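Here my numbering is used: the first residue of the sequence shown is 8, the next is one more, and so on.
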Amino acid sequence: MDRQDDRNRRPDQDRPDSPARRSALPARLAAHPSVRTVLARQTDSAAPGRAAADPARRGDPARQGEPPIVDAGWLREVALRAGADDVAAVPLGRPELESERPHVERALPGTRSLVSIVVRMNRDNVRSPERSVANQEFHHSGEIVNTAARRIVRELQDAGYRAVNPSATFPMEMDRYPGRIWVVAHKTVAVAAGLGAMGIHRNVIHPRFGNFVLLATLLLDAEVSEYGAPIEYNPCLECKLCVAACPVGAIERDGTFHPMACFTHNYREFMSGFTDWAETVADSTDGADFRARVSDAENASMWQSLSFRANYKAAYCMAVCPAGEDVLEPYLADRRAFLDLVLRPLQDKVEPLYVTAGSPAAEYAHRRFPHKEIRLVGDAGRSRRRMDPDEGKDKGRDGPAKERGTGASER
Ligand code: B12
Ligand code: SF4
8 MDRQDDRNRR PDQDRPDSPA RRSALPARLA AHPSVRTVLA RQTDSAAPGR
58 AAADPARRGD PARQGEPPIV DAGWLREVAL RAGADDVAAV PLGRPELESE
108 RPHVERALPG TRSLVSIVVR MNRDNVRSPE RSVANQEFHH SGEIVNTAAR
158 RIVRELQDAG YRAVNPSATF PMEMDRYPGR IWVVAHKTVA VAAGLGAMGI
208 HRNVIHPRFG NFVLLATLLL DAEVSEYGAP IEYNPCLECK LCVAACPVGA
258 IERDGTFHPM ACFTHNYREF MSGFTDWAET VADSTDGADF RARVSDAENA
308 SMWQSLSFRA NYKAAYCMAV CPAGEDVLEP YLADRRAFLD LVLRPLQDKV
358 EPLYVTAGSP AAEYAHRRFP HKEIRLVGDA GRSRRRMDPD EGKDKGRDGP
408 AKERGTGASE R
């Protein structure tokens with residue numbers, strides 16, 4: 008079959024058992040050139056990526072209209088060629104994916120399998136105390152993982168399957184904010200597929216690549232000939248370097264994670280921090296008042312995030328994590344030297360820390376990082392607060408508006 012024909016083929020029409028072939032077509036439709044071309048095609052049981060038909064399915068007439076099974080070896084080859092560094096599939100029916108099912112079904116009705124892919128990041132970029140270096144690495148790796156996911160979907164489509172690749176990072180479904188804005192939880196799928204386990208910091212640690220990976224998930228309407236299973240150990244060493252690195256105490260030693268502490272600081276220039284910044288503009292009486300609330304550097308940083316891409320303030324938990332076979336050696340060779348090289352520069356960095364007034368994060372940041380500048384800001388759940396009819400415009404959970412302004416520094 009010609010490659011161009013292959014590219015333009017629609018998934019259901021050319022299957023030997025397709026409804027179009029089974030039922031007689033109205034004469035006018037059957038005479039249409041496109042229809043004739045499609046019907047004249049040979050059966051495609053030898054199409055790339057098709058696994059040998061499952062014998063149970065062959066004997067079950069009710070299952071004969073189902074899409075063919077994707078060959079796991081072919082899928083892996085396609086994924087690696089597309090730019091992924093590892094890949095594994097998992098059936099949507101797995102109990103640990105229950106929370107994902109309704110969301111996935113909405114994005115691709117008829118999904119049967121989820122395919123998790125992993126893309127490595129360059130470690131020392133993520134570790135750099137210079138935020139522009141680390142952010143560039145996140146953005147670039149995000150592009151690579153999204154591109155890889157899209158390329159795999161294209162190959163699946165051309166082989167006759169239905170598949171979609173929800174965004175690995177942003178954009179997300181903002182009309183649902185502050186509810187669940189992500190289509191599929193990539194960490195949950197990666198863990199179920201056996202590509203890693205979540206460490207104390209709740210990032211997925213790949214057994215080889217460590218936590219220096221970004222993830223994506225493909226939704227697929229077919230079964231895959233071989234599925235992954237959760238790995239039997241956790242690559243996390245429980246060294247607690249992530250706990251020591253987080254500037255706002257979002258990670259506790261027992262693995263309790265405080266998402267709002269991370270969200271408020273790390274995502275200062277994302278949806279919630281931006282809203283707070285915009286309200287500060289609205290609340291300011293004049294230019295001088297605004298400048299007293301928000302520094303020139305903060306405004307320039309917001310401009311940079313809006314102009315290029317939203318930049319993270321930290322990701323230090325990920326930066327310091329020594330887990331993973333390809334990552335571990337320097338930590339094992341000299342743990343103190345590793346701390347001096349990787350952890351200490353992030354702890355020593357003089358930078359603003361964004362916390363809500365009176366929060367445990369504010370207390371932690373003040374106590375552990377007195378050399379950093381504590382900035383009291385509106386909480387990351389402010390859209391939720393706005394829904395409360397008892398809350399006045401000027402008075403939120405954190406007290407009077409003045410205290411909430413970005414310029415109200417404790418130092
Ligand atoms: C929401 C989200 C966040 C939230 C919540 C993080 C979290 N632990 O869930 C915030 C804003 C804090 C965040 C921060 C970061 N994230 Co993020 N994030 C996501 C997102 C969109 C969904 C995560 C998810 O599935 N959570 C649900 C379950 C699976 O997570 P969980 O840890 O088991 O459970 C926690 C949450 O439910 C949370 N929680 C509870 N209630 C609420 C309420 C709200 C509103 C929120 C947001 C969270 C929350 O607390 C639970 C217990 O810890 C994914 C992209 C995607 N579509 O999957 C990226 C993703 C998880 N993030 C990623 C990254 C890289 C980061 C950061 C390093 C960003 C950065 N560059 O600085 C930090 C790391 C923070 C950390 N230690 O977890 C990567 C992780 C890669 C990896 N190796 O695991 C992902 C997979 C994106 C990607 N494509 O690779 N993230
Ligand atoms: S830094 Fe240490 S404790 Fe934290 S996730 Fe990595 S290995 Fe586990």
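Ideal Cβ placement from N, Cα and C applies to all residues, glycine included.
All figures in this text were calculated on a predicted structure; none of them were measured in a lab.
For residue i, the nearest candidate out of the options (CA to CA)
i    : options                   : result
V334 : V77, R134 and V191        : R134
R127 : G149, E112 and N142       : G149
R215 : E180, R130 and V384       : R130
I238 : E107, G117 and T195       : T195
R382 : T292, P254, C249 and A200 : P254
A197 : Y371, Y184, N306 and Y234 : Y234
A268 : C249, P367, L222 and P359 : P367
V85  : N142, Q164, H147 and S106 : Q164
A304 : G256, L244 and E358       : E358
R316 : P242, R260 and F177       : F177
V122 : A79, R43 and R113         : A79
E276 : L82, T292, A307 and G186  : A307
E107 : L32, L46 and A192         : A192
P329 : V288, C249 and L360       : C249
V327 : A38, R83, L104 and A251   : A251
Q311 : L46, R48 and S139         : S139
L46  : A31, P185 and I258        : A31
P185 : V288, T282 and L350       : T282
L99  : L244, L225 and A257       : L225
A257 : M325, E137, R343 and L244 : M325
G56  : F219, R83 and S41         : R83
Y274 : E259, L221 and L360       : L360
A204 : R183, L244 and Y168       : L244
For residue i: DSSP bridge partner residues
i    : result
Y361 : R382
A204 : I212
V94  : I124
T224 : S123
V77  : R57 and V231
F264 : I258
G294 : Partner(s): none; G294 has no beta bridge.
G280 : DSSP, once it has assigned bridges, lists no residue as partnering G280.
G100 : Answer by DSSP bridge pairing: none, since G100 is not bridged.
CA-to-CA distance, residue j to residue i, given in whole angstroms
i    : j    : result
V77  : V97  : 12 Å
K356 : P109 : 43 Å
P173 : A295 : 44 Å
L483 : V94  : Lying outside 8 to 418, the shown extent of the chain, residue 483 is not represented and no answer is given.
V111 : R298 : 45 Å
L115 : A229 : 12 Å
S279 : R157 : 29 Å
I151 : L348 : 28 Å
R209 : A34  : 60 Å
L353 : S232 : 45 Å
H338 : F345 : It should be pointed out that residue 338 corresponds to Tyr in this sequence rather than to His. If you take the alpha carbons of Y338 and F345, they lie about 5 Å apart.
S120 : L202 : 15 Å
R101 : L227 : 15 Å
G117 : P74  : 11 Å
E286 : V384 : 11 Å
E332 : N132 : 19 Å
Y240 : K247 : 18 Å
F270 : D341 : 33 Å
H213 : P242 : 7 Å
V301 : W284 : 8 Å
E370 : W81  : 53 Å
L104 : A199 : 8 Å
F376 : A89  : 43 Å
R391 : K379 : Residue confidence for R391 is low, a pLDDT of 41 falling below 50, so the modelled location carries little weight; the figure read from the coordinates is stated next. Those two C-alpha atoms are separated by around 29 Å.
G217 : K320 : 21 Å
E180 : V190 : 7 Å
H147 : G365 : 37 Å
M309 : V160 : 34 Å
A289 : V220 : 39 Å
D293 : A155 : 48 Å
Q143 : R351 : 22 Å
R48  : V211 : 45 Å
8 Å contact criterion, which residue i and residue j should meet: CB distance rounded
i    : j    : result
N153 : A175 : 5 Å
I207 : G262 : 5 Å
H265 : V362 : In fact, because the Cβ distance is near 11 Å, the residues do not count as touching under 8 Å.
V125 : A166 : Actually they are not in contact, since the Cβ atoms of V125 and A166 sit about 22 Å apart, beyond 8 Å.
A322 : A141 : 6 Å
Residue i CB to nearest heavy atom of the ligand SAH below 7 Å
i    : result
V349 : Ligands in the displayed structure: the ligand B12 and the ligand SF4; the ligand SAH is not one of them.
Give the list of continuous beta strand (DSSP E) stretches no shorter than 3 residues that lie fully inside the region 300 to 371.
359 to 362
At 4 residues or longer, and completely inside the region 111 to 190: list those alpha helix (DSSP H) runs for me, N to C.
130 to 134 and 138 to 165
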